[in-house]
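> Take a look at the following structure, please.
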Amino acid sequence: MVSRRGFLKAGGLALFGIGLGGIPGFLADAVAGTVNPPLFKKKKILVCIFQRGAMDGLMAVTPFTDDYLKAARPSLFMTAAKGSGNEKPLIDLDGKFGLHPSMAAFEPMFREKRLSIVHGIGSPNNTRSHFDAQDFMESGTPFKKGTTSGWLNRAVGLLGHESATPFQGVSLTSSLPRSFYGENPAVAIRNLADFNIQLRGNVAGAKMASKSFEDLYDQTSSDLLKNTGKESFDAIKMLQKTDVRNYKPENNVVYPTTALGNSLKQIAQLIKMDVGLEVAFAESGGWDTHFNQGKDTGFFARNVNDLSNCMMAFWNDLSRYQDDVTVMTMTEFGRTVAQNGTGGTDHGRASCNFILGNAVNGGLVHGLVNPLAKENLEDGRDLAVTTDFRSVFSEVADVHLGIANDKILFPDFDGKKIGVMRA
Amino acid sequence: MKGNTRNFYMCAILFCCAIVFSSFIRIKGADKIAMPYKKAGLTTEQAAAHLLSRFTYGAKPDQVEEVSKMGLEKWLKKQLEGNLDEKNLDQMLSQYDAINISNSEVEDRFPQGPRITRWAVRDGYLHKDSLNTGNNKYQREILQTYMKDKGYRPLQDLYRQFFNQKILRAAYGENQLREIMTDFWFNHFNVALNKTQCASFVPAYERDVIRPNVFGSFEALLLATAKSPAMLMYLDNSASSGVNVPMEDQEMMGMSDTGMSTEQKAKRKERVKKIQQQIQNKKKQGGLNENYAREVMELHTLGVDGGYTQNDVTQAARVLTGWTVAPLGKEGYGVGNRNLIERLGPSGLKDKGFVLDGDFFFNANRHDNGEKIVLGKKFPAGGGYDEGVELLKMLAHHQATAKFISKKLAVRFVNDVPPTSLVDKMAKTFTSSKGDIKSVLITMVNSPEFWSEQALREKTKSPFELAMSAVRSLNADITQPYELYSWINRMGQQMYYYQAPTGFPDNGQYWINTGSLLNRMNFGLALASQRIPGVKLNLPALNSNKEPESIEAALVTYSKLIMPERELGQTVARLKPMLNDPNLHQKVAQAAAQNSAKKDSNNTGMEMQNADTKPAKEKMKLGNGRKANENPVVKTQAGTNTMLAQVVGVIIGSPEFQRK
Numbered sequence: 001m002v003s004r005r006g007f008l009k010a011g012g013l014a015l016f017g018i019g020l021g022g023i024p025g026f027l028a029d030a031v032a033g034t035v036n037p038p039l040f041k042k043k044k045i046l047v048c049i050f051q052r053g054a055m056d057g058l059m060a061v062t063p064f065t066d067d068y069l070k071a072a073r074p075s076l077f078m079t080a081a082k083g084s085g086n087e088k089p090l091i092d093l094d095g096k097f098g099l100h101p102s103m104a105a106f107e108p109m110f111r112e113k114r115l116s117i118v119h120g121i122g123s124p125n126n127t128r129s130h131f132d133a134q135d136f137m138e139s140g141t142p143f144k145k146g147t148t149s150g151w152l153n154r155a156v157g158l159l160g161h162e163s164a165t166p167f168q169g170v171s172l173t174s175s176l177p178r179s180f181y182g183e184n185p186a187v188a189i190r191n192l193a194d195f196n197i198q199l200r201g202n203v204a205g206a207k208m209a210s211k212s213f214e215d216l217y218d219q220t221s222s223d224l225l226k227n228t229g230k231e232s233f234d235a236i237k238m239l240q241k242t243d244v245r246n247y248k249p250e251n252n253v254v255y256p257t258t259a260l261g262n263s264l265k266q267i268a269q270l271i272k273m274d275v276g277l278e279v280a281f282a283e284s285g286g287w288d289t290h291f292n293q294g295k296d297t298g299f300f301a302r303n304v305n306d307l308s309n310c311m312m313a314f315w316n317d318l319s320r321y322q323d324d325v326t327v328m329t330m331t332e333f334g335r336t337v338a339q340n341g342t343g344g345t346d347h348g349r350a351s352c353n354f355i356l357g358n359a360v361n362g363g364l365v366h367g368l369v370n371p372l373a374k375e376n377l378e379d380g381r382d383l384a385v386t387t388d389f390r391s392v393f394s395e396v397a398d399v400h401l402g403i404a405n406d407k408i409l410f411p412d413f414d415g416k417k418i419g420v421m422r423a
Numbered sequence: 001m002k003g004n005t006r007n008f009y010m011c012a013i014l015f016c017c018a019i020v021f022s023s024f025i026r027i028k029g030a031d032k033i034a035m036p037y038k039k040a041g042l043t044t045e046q047a048a049a050h051l052l053s054r055f056t057y058g059a060k061p062d063q064v065e066e067v068s069k070m071g072l073e074k075w076l077k078k079q080l081e082g083n084l085d086e087k088n089l090d091q092m093l094s095q096y097d098a099i100n101i102s103n104s105e106v107e108d109r110f111p112q113g114p115r116i117t118r119w120a121v122r123d124g125y126l127h128k129d130s131l132n133t134g135n136n137k138y139q140r141e142i143l144q145t146y147m148k149d150k151g152y153r154p155l156q157d158l159y160r161q162f163f164n165q166k167i168l169r170a171a172y173g174e175n176q177l178r179e180i181m182t183d184f185w186f187n188h189f190n191v192a193l194n195k196t197q198c199a200s201f202v203p204a205y206e207r208d209v210i211r212p213n214v215f216g217s218f219e220a221l222l223l224a225t226a227k228s229p230a231m232l233m234y235l236d237n238s239a240s241s242g243v244n245v246p247m248e249d250q251e252m253m254g255m256s257d258t259g260m261s262t263e264q265k266a267k268r269k270e271r272v273k274k275i276q277q278q279i280q281n282k283k284k285q286g287g288l289n290e291n292y293a294r295e296v297m298e299l300h301t302l303g304v305d306g307g308y309t310q311n312d313v314t315q316a317a318r319v320l321t322g323w324t325v326a327p328l329g330k331e332g333y334g335v336g337n338r339n340l341i342e343r344l345g346p347s348g349l350k351d352k353g354f355v356l357d358g359d360f361f362f363n364a365n366r367h368d369n370g371e372k373i374v375l376g377k378k379f380p381a382g383g384g385y386d387e388g389v390e391l392l393k394m395l396a397h398h399q400a401t402a403k404f405i406s407k408k409l410a411v412r413f414v415n416d417v418p419p420t421s422l423v424d425k426m427a428k429t430f431t432s433s434k435g436d437i438k439s440v441l442i443t444m445v446n447s448p449e450f451w452s453e454q455a456l457r458e459k460t461k462s463p464f465e466l467a468m469s470a471v472r473s474l475n476a477d478i479t480q481p482y483e484l485y486s487w488i489n490r491m492g493q494q495m496y497y498y499q500a501p502t503g504f505p506d507n508g509q510y511w512i513n514t515g516s517l518l519n520r521m522n523f524g525l526a527l528a529s530q531r532i533p534g535v536k537l538n539l540p541a542l543n544s545n546k547e548p549e550s551i552e553a554a555l556v557t558y559s560k561l562i563m564p565e566r567e568l569g570q571t572v573a574r575l576k577p578m579l580n581d582p583n584l585h586q587k588v589a590q591a592a593a594q595n596s597a598k599k600d601s602n603n604t605g606m607e608m609q610n611a612d613t614k615p616a617k618e619k620m621k622l623g624n625g626r627k628a629n630e631n632p633v634v635k636t637q638a639g640t641n642t643m644l645a646q647v648v649g650v651i652i653g654s655p656e657f658q659r660k
């Protein structure tokens, strides 16, 4: 069975004129100099970061004038006012919302209107189970478990052009996340350096095997195996053009040596290698702060510090590509307005998210956060969801990637947008 | 005494009748195995190879010959009985102490992490102010002490034993088809370890719910899954509840008010209003959860085009309200229900319509006992537990289900896109046999479609199947199955972690993509060169310790051993020129010398590891300087073995071996 995709891909690759074992000419050029060959028509790239565990949106971006919140969080509440002791104040964004001081790296981006924040974002399904909420957010169908595909996979399918490489959709995880489940091409790579034929301690053996495999797959009668085999060996050659182990970020950027930093660094490499990447996915963990989440220092502070520093390292490393890249965070739900008995917060409803890019309607906290009086809370306890996550995701996909078909991207969604991107 | 004796005889007679009756059906029905492979132009050996490729995790050396001699029908019959002696496997599995424990024991011995922390605080080991979600060392140590004192063990141990047994069963079990079907039905009724609420119950789910029911009636299988803690938690039915309106009120609401006095009418109106208010309040609390009801129709029985509506989903969810998990373990799941159960006692439970059946609990208090209509069938008010059973039976025997299940089986065993003619035949058997899975399978193998050109070698092995067929064909000795689990994960199949209730897709397109394909090749190389810890091979022994005369001979011999009855001309022809590369021997010998040098000398170990990152040329130079290279004997032996491993590795990673 030849899929249309497989056929086109094979055709597309033939254009590169890669001989067996050789390095395509354009790659040699790229290695030799700073030539950036227009291998693919310049494509936009969407990078999604899933914060697993449910980020406390009310601590990341605090409505600091809200006395209800102050009362509900006696030992967690922070203010924007400089005051007592050594505690760092929030960064006042607009007189109402304060950015957590550990996310200071974001402030210039917000002031330059290249970072926008949506508050009160969440799922219409009020489940407070991590698993279910992540599942719904990633499938993009908040009331349907059985959806076979993930929304990012559908996004890849809706890009409107066939991919010439296997790197159109890439997840920097050990296995494909739910967001990428589906029929369209997507690969999970944890480490670019491992993307090769390997035989530990026997380089000659690996080389010979690689040649054998390439030849075998080239000749097989199964089109699926043949095309994918070709794709794989071409992909290896693409990645081999750079020394991925000794990558030097630009602008003296130093990525945090964390899981997220490592993932974003590799996404940056893929972008610079110009291998046709359009949708990328990375994860950040540790947001389930039931215990002693801390304030300006402590657990939560370290988490948001990592998130903002990683994103900014990525952004600055990619200074030449900033017009093409948008980064969006997401988390399955928010946390209770009131702190719990162990210095933390429990599972709630709405949270906030960050969108970084030159096309965002930045410098604003979008969405609606009503005063946190009990009568305004969802189920009397949680920040109410006032913006459907699909509204934000679909707008970003539409403006940045040119995906206008919400019916496929998010079936059963009403299509309402709130203006997080500059139209 | 007398009564007991009489009962005994009655049972015995009934039992005999049942046996006679069932064998009568067997003779008369479609259960006779008569596989038309000769008509399809296949030799017995070819047919055996095909049968083994679909109904086992890969043929073991000489197995094609054995099955051919034994007779394919006889072999399949035994497989369908699924009770071959497992002495060898049982011996291997005896090293695992947690693979046979009940859900309650799991709750008692392997509590979930957060629970342990909570209990550690309660029992005074940790102070709540010192808690941190991070992995700080201090807290970890205290928790470890606490677990040791209490005899708790980490859930990861349980999972690991569970993965290991799965791999050993597939690699060494005699009842191969039972394992294949266990895999199939588990995937059909998928649950996942990613969801913590159900994770602890997944091992028992496979063992007690799936495996014993794989060849029986579909209805029994469906019911068993519906009542299992894993499924009840995974698809949230355990949390679904409705309003239980007392029957007299239920009746009153349904009655007409003609003939009532004004006072009675007013009273009735008020009462109805109150009940409706109650129902409304309950709805606001979000008591009804439709997840299971939807998926049981869409994924487990009717299929997405099975002709049900959203309203059917809601109504079915109402039917299944109150179906939940029984209290498990001493401090495990369902403490609230435990009090209720103890208070009422067995007879009290029965009188009030509760059902306690193993790990399953029907909580009548949470059951919506109003009238429902699902797929046009009316479930009158007050149906209780039984109406749920009735609903599931109706779904199990539905026409759409017969089609849906038959097609899924045909996709699994015949072709990614199976012929309609075959699916129709299977569906017919499904219906006539009242959903007897064994009969449906027999119809499948009795059909020419199973043996046709469009079926042979047309399926792509999943990563699990690839790994298992490789170790089976090479007679590998597995002492660390988890290493294989990790490789399978790397090849794109994180077993037991498929998040969606759909289960892994069953088609080649899904399994074969760039990243996964490279890892399949790397797996072949790693396995054959014995780079997978705890997986030992004896490649020369496979060929009765006869050393192949040449590399070319090795290629031909081992290709035949690993892929019996395949047309290997292409594979061999493509690889030959490579093997005849005059520099090859030298290169490989050098590599081998490097390897043995590495093993020889501990002092140079570090140096060699560093050398891994150096360019190949430089590295070879390094190899040349090694002592081992100066010893011609070591050189030749290592060279031959490395060469053989190389050949076998390429065969395992070859496109032909990815097919089944």
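These protein sequences, in sequence, are chains A and B. So the first sequence is residues 1 to 423, counted in UniProt numbering. So the second sequence is residues 1 to 660, counted in UniProt numbering. Where is the CB? At the ideal position from N, CA and C, for every residue including glycine. Computed from a predicted model, the values in this text were never measured in an experiment.
(1) Shorter than 8 angstroms from the beta carbon of residue 112 of chain A to some beta carbon of chain B?
(2) Out of curiosity, what's the CA-to-CA distance linking residue 339 of chain B and residue 265 of chain B?
(3) Within a Cβ cutoff of 7 angstroms, which residues of the same chain sit near residue 396 of chain B, ignoring the five residues on either side of it in sequence?
(4) Put residue 291 of chain A into one of helix, strand or coil per three-state DSSP.
(5) If you measure from the beta carbon of residue 409 of chain B to each beta carbon in chain A, is any gap under 8 angstroms?
(6) For a contact defined as C-beta to C-beta under 7 angstroms, what are the partners of residue 514 of chain B on chain A?
(7) Report buried or exposed for residue 624 of chain B, applying the criterion of at least 16 other Cβ atoms within 10 angstroms of its Cβ.
(8) What does residue 154 of chain A touch in chain B if you count any residue whose Cβ is under 9 angstroms from its own?
(9) Closer than 7 angstroms by beta-carbon distance: list the chain B residues that pair up with residue 217 of chain A, in chain order.
(10) What would DSSP say about residue 40 of chain B, mapped onto helix, strand or coil?
(11) Just mark residue 662 of chain B as buried or exposed, buried being the case when its beta carbon has 16 or more other beta carbons within 10 Å.
(12) Name the residue from B/392, B/367, B/258 whose alpha carbon lies nearest to the alpha carbon of residue 383 of chain B.
(13) At least one CB of chain B closer than 8 angstroms to the CB of residue 340 of chain A: is that the case?
(14) Do residue 356 of chain A and residue 109 of chain A have their beta-carbon atoms positioned less than 8 angstroms apart in this structure?
(15) How would you list, in chain order, the residues of chain A whose beta-carbon sits under 8 angstroms from the beta-carbon of residue 525 of chain B?
(16) How long is the line joining the alpha carbons of residue 282 of chain A and residue 141 of chain B, rounded to whole angstroms?
(17) Per DSSP, residue 170 of chain A forms a beta bridge with which residues?
(18) If we ignore side chains and look at the alpha-carbon of each, how far apart do residue 268 of chain A and residue 114 of chain A end up?
(19) Taking the alpha-carbon positions, what's the residue 206 of chain B to residue 198 of chain B distance?
(20) If we define contact as Cβ-Cβ less than 8 angstroms, is residue 247 of chain A a contact residue for chain B?
(21) Comparing alpha-carbon positions, which option in A/102, A/316, A/47 lies nearest residue 250 of chain A?
(22) Name the chain A residues whose beta carbon is nearer than 7 angstroms to that of residue 531 of chain B?
(23) Report the residues of the stretch 475-490 of chain B with a CB closer than 8 angstroms to any CB of chain A, ordered along the chain.
(24) Would you mind giving the Cβ-Cβ distance between residue 319 of chain B and residue 297 of chain B, rounded to the nearest angstrom? I have them listed as a contact below 8 angstroms.
(25) Which residue comes first and which comes last in the alpha helix (DSSP H) that contains residue 165 of chain A?
(26) Spatial neighbours of residue 412 of chain B within its chain, please: C-beta separation below 7 angstroms, excluding the five flanking residues on both sides.
(27) Measure how close the beta-carbons of residue 228 of chain A and residue 513 of chain B come, nearest whole angstrom, since I'm counting them as under 8 angstroms.
(28) What residues from chain A crowd round residue 500 of chain B, counting only those whose CB sits closer than 8 angstroms?
(29) Which full runs of the alpha helix (DSSP H) of 4+ residues lie inside the stretch 128-160 of chain A, going along the chain?
(30) Could you work out which residue in B/484, B/225, B/455, B/480 is closest to residue 469 of chain B when comparing CA atoms only?
(31) When you compare each of B/377, B/148, B/400 to residue 390 of chain B by their alpha carbons, which one comes out closest?
A quick look at the data gives this:
(1) Answer no: the Cβ-Cβ gap between residue 112 of chain A and chain B never drops below 8 angstroms.
(2) When rounded, the separation of the alpha-carbon atoms in residue 339 of chain B and residue 265 of chain B is 40 angstroms.
(3) Taken in chain order, the residues that qualify are 218, 219, 222, 301, 435.
(4) Coil at residue 291 of chain A, not helix or strand.
(5) The beta carbon of residue 409 of chain B sits no closer than 8 angstroms to any beta carbon of chain A.
(6) Here the neighbours are 166, 187, 228, 231, 232, 235.
(7) The pLDDT assigned to residue 624 of chain B is 39, lower than 50, so where the model puts this residue is not dependable, and the model offers no usable value.
(8) Per Cβ cutoff of 9 angstroms: no residues; residue 154 of chain A is ~14 angstroms from chain B at best.
(9) Per Cβ cutoff of 7 angstroms: 655.
(10) In the three-state DSSP reduction, residue 40 of chain B falls in the coil class, being neither helix nor strand.
(11) Because chain B is modelled from 1 through 660, residue 662 of chain B falls outside the range shown and cannot be assessed.
(12) The shortest C-alpha separation from residue 383 of chain B is found at B/367.
(13) False, the Cβ-Cβ gap to chain B never drops below 8 angstroms.
(14) Cβ distance < 8 angstroms, so residue 109 of chain A and residue 356 of chain A count as in contact.
(15) Those within 8 angstroms of residue 525 of chain B in chain A are 197, 198, 199, 205, 206, 209.
(16) Whole-angstrom Cα-Cα distance: 31 angstroms.
(17) Paired residue(s): A/187, A/280.
(18) In a straight line, the C-alpha of residue 268 of chain A is about 19 angstroms away from that of residue 114 of chain A.
(19) Rounded to the nearest angstrom, the two C-alpha atoms are 13 angstroms apart.
(20) No, because no Cβ of chain B sits closer than 8 angstroms to the Cβ of residue 247 of chain A.
(21) Minimum Cα distance to residue 250 of chain A is reached at A/316.
(22) Per Cβ cutoff of 7 angstroms: 200.
(23) Listed in sequence order: 489, 490.
(24) Taking a contact as a CB-CB distance under 8 angstroms, the pair residue 319 of chain B and residue 297 of chain B does not count as one, their CB atoms being some 12 angstroms apart.
(25) Note, residue 165 of chain A: premise wrong, no alpha helix (DSSP H); not H, not E.
(26) Here the set comprises 184, 506.
(27) About 6 angstroms separates the beta carbons of residue 228 of chain A and residue 513 of chain B, which is inside the 8 angstroms limit, making them a contact pair.
(28) By Cβ distance, chain A contributes 135, 139, 145, 146, 147, 148, 178, 181.
(29) Listed in chain order, the complete alpha helix (DSSP H) runs (minimum 4 residues) inside the stretch 128-160 of chain A are 130-139, 151-157.
(30) Distance from the Cα of residue 469 of chain B is smallest, within the candidate group B/484, B/225, B/455, B/480, for B/484.
(31) For the options B/377, B/148, B/400, the alpha carbon positioned closest to that of residue 390 of chain B is the one of B/377.
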